[in-house]
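Asker: I'd like to ask some things about the structure below.
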Amino acid sequence: MVRFKHRYLLCELVSEDARCRLSLDDRVLGGLVRDTIARVHGTFGAAACSVGFAVRYLNAYTGVVLLRCRKDFYQLVWSALPFITYLENKGHRYPCFFNTLHVGGTIRTCQKFLIQYNRRQLLILLQNCTDEGEREAIRKSVSRSCLLEKESAEELSDSAGEEAVEIVE
Amino acid sequence: MPATAYERLVYKSPSEYHYMKVCLEFQEHGVGLNTAQFKQLLVSALKDLFGEVGAALPVDILTYEEKTLSAILRVCSSGLAKLWSSLTLFGTYKNKKCAFRVIQVSPFLLALSGNSREQVLG
Chain A
302 MVRFKHRYLL CELVSEDARC RLSLDDRVLG GLVRDTIARV HGTFGAAACS VGFAVRYLNA
362 YTGVVLLRCR KDFYQLVWSA LPFITYLENK GHRYPCFFNT LHVGGTIRTC QKFLIQYNRR
422 QLLILLQNCT DEGEREAIRK SVSRSCLLEK ESAEELSDSA GEEAVEIVE
Chain B
2 MPATAYERLV YKSPSEYHYM KVCLEFQEHG VGLNTAQFKQ LLVSALKDLF GEVGAALPVD
62 ILTYEEKTLS AILRVCSSGL AKLWSSLTLF GTYKNKKCAF RVIQVSPFLL ALSGNSREQV
122 LG
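Going line by line, the protein sequences match chains A and B. Numbers 302 to 470, taken from our numbering, label the letters of the first sequence in order. Numbers 2 to 123, taken from our numbering, label the letters of the second sequence in order.
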């Protein structure tokens, strides 16, 4: 069937400064990525990538970003992400970098990956944390996520099959 | 009997490089460029259209004549489309209008030595 296919890049914004993630704005981020693509891939890259480009999801607390781009040019976008070295907001420059976690064809696959990734991150945090109060809070979150995992697994086995519903913009 | 190791080379195209004979024309006369400035011009043309990645494309100037502003360039076969398109879209150098005329393109350098278009018969 003829339709526009997209690629969704799930990235994580890693920065030493905690204020950097809180000052994330989807328009600021979109402009930053577009400028970087224009710098790295020139006018051709800027034009090719900006057609289907959008910031679909942004989490200011964890720094997770979901970018959408056309399938034909997703490699241009992907290769331009390591060239982002700082985030500028209200005159402040925060050094940061983008970690690409997953490339998916639909938002649903990226969401599935993100859920698994967050679970693994919780366990890693549990190992590394030092404060007892924090440890208790993380243990509670881990047990809650395990319960949710069991519930969703039962739901999947009940339903006949997952229909591939693509979110059409 | 032990299997002997052998190497098989597969060439999909006849040559790895493409050679272009180009000539730079300015709208006004009397503009001179030395080899380094010509190379800088090529790199800035690639950078405009294809960014930092394009500017890093390895292009070699094999010969350059300052009087006629013509040169023979060598580029990797995969980068030929990028180089040719950036030469086509290159319009101004230091606020002076200019244009690249591509005279000949060939995967073999020997073909650039004789141009049948410029041949004079009789």
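Just so you know, even glycine gets a beta-carbon here, dropped at the ideal spot from N, CA and C.
Nearest to C447 (chain A) by CA position, among A:R421, A:Q376 and A:L314, is which residue?
Answerer: A:R421
Asker: Going straight from the alpha carbon of G346 (chain A) to that of L90 (chain B), what length do you get?
Answerer: The alpha-carbon of G346 (chain A) is positioned some 15 angstroms away from that of L90 (chain B).
Asker: Starting from D61 (chain B), follow its DSSP beta bridges and name the residues at the other end.
Answerer: The bridge partners DSSP lists for D61 (chain B) are B:R75.
Asker: Taking Cβ-Cβ distances shorter than 7 angstroms, what residues in chain A pair up with L50 (chain B)?
Answerer: Within chain A, the residues whose beta carbon sits less than 7 angstroms from that of L50 (chain B) are G343, T344 and F345, listed in sequence order.
Asker: So, with DSSP's three-state summary, where would you put A361 (chain A)?
Answerer: Three-state result, A361 (chain A): coil.
Asker: Tell me the DSSP bridge mates of F345 (chain A)?
Answerer: F345 (chain A) pairs with nothing; no bridge assigned.
Asker: Out of curiosity, what's the CA-to-CA distance linking L110 (chain B) and E17 (chain B)?
Answerer: 12 angstroms
Asker: Do the segment 94-102 of chain B and the segment 50-62 of chain B meet, that is, are 3 or more Cβ pairs less than 8 angstroms apart?
Answerer: no
Asker: Look up T401 (chain A) in the DSSP assignment and say whether it is helix, strand or coil.
Answerer: strand
Asker: Run through chain A and tell me which residues come within less than 8 angstroms of G31 (chain B), C-beta to C-beta.
Answerer: What G31 (chain B) touches in chain A: nothing, since even the nearest Cβ is about 31 angstroms away.
Asker: Curious, which full-length alpha helix (DSSP H) runs of at least 4 residues does the segment 365-418 of chain A contain?
Answerer: 375-381
Asker: Does the beta-carbon of G462 (chain A) have 16 or more other beta-carbons within 10 angstroms, so that it is buried, or is it exposed?
Answerer: Its pLDDT being 39, under 50, G462 (chain A) is placed unreliably in this model, and the value from its coordinates should be taken loosely. So G462 (chain A) counts as exposed.
Asker: For R340 (chain A), go through chain B and note every residue whose CB falls closer than 7 angstroms to its CB, in chain order.
Answerer: G52 and E53
Asker: According to the neighbour-count rule (16 or more other Cβ atoms, all chains shown, within 10 Å of its Cβ), is M21 (chain B) buried or exposed?
Answerer: That one is buried.
Asker: Count the other C-beta atoms from every protein chain shown that fall within 10 angstroms of the C-beta of I385 (chain A), then say buried if there are 16 or more, exposed otherwise.
Answerer: buried
Asker: Mind checking who E26 (chain B) pairs with in its DSSP beta bridge?
Answerer: B:A100
Asker: Applying the criterion that 16 or more other CB atoms from any shown protein chain within 10 Å of the CB defines a buried residue, is R322 (chain A) buried or exposed?
Answerer: buried
Asker: Excluding five sequence neighbours on each side, which residues of the same chain lie with their C-beta closer than 7 angstroms to the C-beta of V352 (chain A)?
Answerer: These residues qualify, in order along the chain: R371.
Asker: Can you tell me whether G434 (chain A) is buried or exposed? The criterion is at least 16 other CB atoms within 10 Å of its CB, across all chains shown.
Answerer: exposed
Asker: By Cβ distance below 7 angstroms, which residues in the same chain neighbour E470 (chain A) in space, the five residues on each side in sequence not counted?
Answerer: Note that E470 (chain A) scores 35 on pLDDT, short of 50, meaning its location in the model is unreliable and no value can be drawn from it.
Asker: Nearest to Q376 (chain A) by CA position, among A:E456, A:L359, A:L310 and A:K451, is which residue?
Answerer: A:L310
Asker: Can you list, in chain order, the residues of its chain with a C-beta nearer than 8 angstroms to that of C411 (chain A)? Leave out the 5 residues immediately preceding and following it.
Answerer: Y309, L311, L367, H403 and G405
Asker: Under a three-way DSSP split, which group does C430 (chain A) fall into?
Answerer: Reduced to three states, the DSSP call for C430 (chain A) is coil.
Asker: How long is the line joining the alpha carbons of S87 (chain B) and L47 (chain B), rounded to whole angstroms?
Answerer: 5 angstroms
Asker: Which whole-angstrom value is the C-beta distance of L314 (chain A) and C397 (chain A), which I expect to be below 8 angstroms?
Answerer: With 8 angstroms as the limit, L314 (chain A) and C397 (chain A) qualify as a contact, their Cβ atoms being about 6 angstroms apart.
Asker: Under the three-state reduction of DSSP, which class applies to R335 (chain A): helix, strand or coil?
Answerer: helix
Asker: By the 10 Å Cβ neighbour count, where 16 or more other Cβ atoms means buried, how is E467 (chain A) classified, buried or exposed?
Answerer: A caution first: E467 (chain A) carries a pLDDT of 40, below 50, which makes its placement in the model unreliable, though a value can still be read off. Result: exposed.
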